[in-house]
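With UniProt numbering applied, the sequence shown covers 1 to 153. Backbone N, C-alpha and C fix where the C-beta goes; we use that ideal spot for every residue, glycine too.
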Amino acid sequence: MHSTPPVSAPLRADESAQPQARTEVEHRNEVLLAGRVIAEPSVRELPSGDQLVTWRISVNRPRAEKRARQEADPITCVSFRRDMVELTRDWRIGDTVQVTGALRRRFWRSANGVASVFEVEAKTAHRVGTADPVPDHQPRTAVTSRSEAAEGV
Numbered sequence: 001m002h003s004t005p006p007v008s009a010p011l012r013a014d015e016s017a018q019p020q021a022r023t024e025v026e027h028r029n030e031v032l033l034a035g036r037v038i039a040e041p042s043v044r045e046l047p048s049g050d051q052l053v054t055w056r057i058s059v060n061r062p063r064a065e066k067r068a069r070q071e072a073d074p075i076t077c078v079s080f081r082r083d084m085v086e087l088t089r090d091w092r093i094g095d096t097v098q099v100t101g102a103l104r105r106r107f108w109r110s111a112n113g114v115a116s117v118f119e120v121e122a123k124t125a126h127r128v129g130t131a132d133p134v135p136d137h138q139p140r141t142a143v144t145s146r147s148e149a150a151e152g153v
């Protein structure tokens, strides 16, 4: 039976006492998602005048990773890019989309203290399949300002 020596084991005669050069790994934050739209994109105007578009997709887990009660992960996507507002305008629930971007954590103060959420900040997004047509579906046309959102308009 082979046992691993403890971390503090002395060096063997053939091992150098010189520290080994560390290999630097470039930090990366890249996300690629493909899934179904489960919350249509909505646009909010921020106090700065910038627009934020937000939507949610459901990504099925691979069969080997599915748990009994969770077969998919709902993931919120956001973008501050003006072109993304127009690009996502006609998306509707059930459309299949592909999104690339980066995982971000956002913090805010709530009644219970500091809260946070993880979101994917989208760099690119493409609709790759459309849902079955829904009669009388109207794509969004208005931008919700922060004050309208607070009033529930």
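Those residues which DSSP pairs with residue i across a bridge
i	result
residue 58	36, 74
Spatial neighbours of residue i in its chain, beta-carbon cut-off 7 angstroms, leaving aside the 5 residues before and after
i	result
residue 87	125
Residues near residue i in its chain [Cβ-Cβ closer than 8 angstroms; skip 5 each side]
i	result
residue 116	105, 106, 107, 108
residue 71	60, 61
Residues near residue i in its chain [Cβ-Cβ closer than 6 angstroms; skip 5 each side]
i	result
residue 77	55, 99, 120, 122
Pick from the options that is closest to residue i, judged by C-alpha positions
i	options	result
residue 101	22, 32, 21	32
residue 97	22, 46, 129, 23	129
residue 85	28, 25, 51, 27	51
residue 94	69, 24, 39	39
Rounded straight-line distance, which links the Cα of residue j to that of residue i
i	j	result
residue 90	residue 45	19 angstroms
residue 83	residue 47	19 angstroms
residue 110	residue 49	24 angstroms
residue 53	residue 34	18 angstroms
residue 30	residue 21	27 angstroms
residue 156	residue 67	Residue 156 falls outside the range modelled here, since the chain spans only 1 to 153, and no answer is possible.
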